[in-house]
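Below: one structure, written as structure tokens.
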Amino acid sequence: MSYIVDFNNVSTLGLESSPVVEALAGLRANEARYFMNKYKHEFTVVQASEGQETLDYVSRILKEERDIEFAAKPLETSQFQVENIKFAYVFYEDGLEVNVMYTVDDPKKRAVGFKLSEGMEIPKELEEKFKFARQKSKLAGTIRGSFFVIKKEY
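Residue numbering for the sequence shown follows my numbering, starting at 44 and increasing by one per position.
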């Protein structure tokens with residue numbers, strides 16, 4: 044069952060098993076606010092068990108591009124297209140968010156982003172491989188983020 048993320052009334056629905064549940068809910072709401080403000084798009088998520096296609100897509104890109112496989116349990120996914128950009132999101136139990144931004148018509152604008160919820164450690168799969176910049180969010184507190192550019196076609 045899909046769920047439209049409300050960024051005005053932040054809910055932990057679907058994320059309850061996370062040790063950083065409030066921060067992860069804020070991070071998810073922060074994404075919802077971004078897409079509503081920039082694209083007038085409602086950010087919708089499904090339970091990971093219903094989003095296997097999205098999980099497989101994101102996992103394939105991570106594995107083929109950087110040989111990354113996360114041990115953390117995926118809780119929710121989201122996949123949609125706005126304008127000429129395909130987006131895919133996976134929210135993990137440890138507080139990690141992975142997103143894929145894939146422009147349909149411009150191979151130079153394709154990337155994988157990582158965002159860490161406030162209070163979580165850097166996952167061992169990313170330690171010493173990426174530098175994380177800090178960003179403040181009213182909804183999510185301090186978000187640490189990093190990214191890499193996608194080289195292949197997916």
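Just so it is clear, CB atoms sit at the ideal spot from N, CA and C, and this is done for glycine as well.
Work out the CA separation of Met44 and Thr146 for me, nearest whole Å. 27 Å
Pull up the distance between the alpha-carbon of Gly156 and that of Asn142, whole angstroms please. Rounded to whole angstroms, the separation of the alpha carbons of Asn142 and Gly156 is 5 Å.
With H, G and I counted as helix, E and B as strand and the rest as coil, what does DSSP make of Tyr197? If DSSP states are grouped into helix, strand and coil, Tyr197 belongs with coil.
Terminal residues of the alpha helix (DSSP H) in which Phe78 lies: 64-82
Evaluate Ile118 with the Cβ neighbour count: other Cβ atoms within 10 Å of its Cβ, from every protein chain shown; 16 or more gives buried, anything less gives exposed. The residue asked about is misnamed: residue 118 is Leu in this sequence, not Ile. Counting Cβ neighbours within 10 Å, Leu118 comes out buried, since at least 16 surround it.
Outcome for Leu56 when other beta-carbon atoms lying within 10 angstroms are tallied against a minimum of 16: By the neighbour-count rule (16 or more Cβ atoms within 10 Å), Leu56 is not buried but exposed.
Does the beta-carbon of Gln122 have 16 or more other beta-carbons within 10 angstroms, so that it is buried, or is it exposed? Sixteen is the threshold: when 16 or more other Cβ atoms of the shown chains lie within 10 Å of the Cβ of Gln122, as they do, the residue is buried.
Say whether the segment 69-84 touches the segment 169-182, bearing in mind that this needs 3 or more beta-carbon pairs closer than 8 Å, one atom from each stretch. These segments touch.
Expressed to the nearest angstrom, what Euclidean distance is found between the alpha-carbon atoms of Glu164 and Lys158? 11 Å
Would you list, in sequence order, the uninterrupted beta strand (DSSP E) runs of no fewer than 3 residues that lie entirely inside the segment 142-167? 153-159
Mind checking Ala131: buried by the 16 CB within 10 Å criterion, or exposed? So Ala131 ends up on the buried side.
If Val154 sits next to Val192, beta carbons under 8 Å apart, how far is it from one beta carbon to the other, in whole angstroms? It is Ala, not Val, that sits at residue 154 in the sequence shown. Contact between Ala154 and Val192 holds: CB atoms are separated by about 5 Å, below the 8 Å threshold.
Pull up the distance between the alpha-carbon of Val97 and that of Lys167, whole angstroms please. The question names Val, but residue 97 in the sequence shown is Thr. Computed Cα separation, rounded: 23 Å.
Quick check on Ser60: buried or exposed, where buried means 16 or more other Cβ atoms within 10 Å of its Cβ? exposed
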